[in-house]
Amino acid sequence: MAGVTAGLLEPEQGAIWVLGRPAAAGRSDILYIPQDVQLFEGTLFGNLSLLSGAAHDAILEAAEATGLADWIARLPMGFNTILPPGGSTLSSGQRQLVILTAAVAARRRVLLLDEALCHLDRLAQQRLLSQTLFPDAIVISVSHNGLGPEAEL
1245 MAGVTAGLLE PEQGAIWVLG RPAAAGRSDI LYIPQDVQLF EGTLFGNLSL
1295 LSGAAHDAIL EAAEATGLAD WIARLPMGFN TILPPGGSTL SSGQRQLVIL
1345 TAAVAARRRV LLLDEALCHL DRLAQQRLLS QTLFPDAIVI SVSHNGLGPE
1395 AEL
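Numbering-wise, the sequence shown is residues 1245 to 1397 according to the working numbering.
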């Protein structure tokens, strides 16, 4: 369902409209974050830039908001840390934090989050949910870990 809503797949019947347009026409307004994330070969900053399409300062601001900047500051090469294809040197939670940071920097109007925090530890989940990371966006979130509709992203 998320792929159809994000405009990535065509519905077999009927139509999906998002923000008054067919979903496929509104792809630039929609960001989909799946449960399992694969990153690209290159630097951490390169991944954030490619995934978000955002300017340098917006990426740094997003990294501060999500807490990614704290973790990156402890890496010897910081944002220039090189990743292999898929980002396999990072844990699933670290990859989710990278993609979530890219989503914050992207500032899309609609976000589809499919278990977007499931690989993060409970403390990181609560810290992220205690903030308003997407203040002007419509956020549709699927979660199976007890985080109810009162959780705010």
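All C-beta atoms in this analysis are idealised placements derived from N, C-alpha and C, irrespective of residue type, glycine included.
When DSSP states are grouped into helix, strand and coil, S1336 belongs to the helix group. DSSP places R1351 in the coil class of the three-state scheme, outside both helix and strand.
Assigned with DSSP and collapsed to three states, S1385 falls in strand. Under the DSSP definition of a beta bridge, W1261 partners with P1266. Annotated three-state conformation of L1377 is coil, per DSSP. Approximately 15 Å separates the beta-carbon atoms of L1364 and G1331; this is outside 8 Å, ruling out the contact. A distance below 8 Å separates the beta carbons of G1286 and L1327. For L1275, there is no enclosing alpha helix (DSSP H); the residue is part of the beta strand (DSSP E) that begins and ends at 1274-1277.
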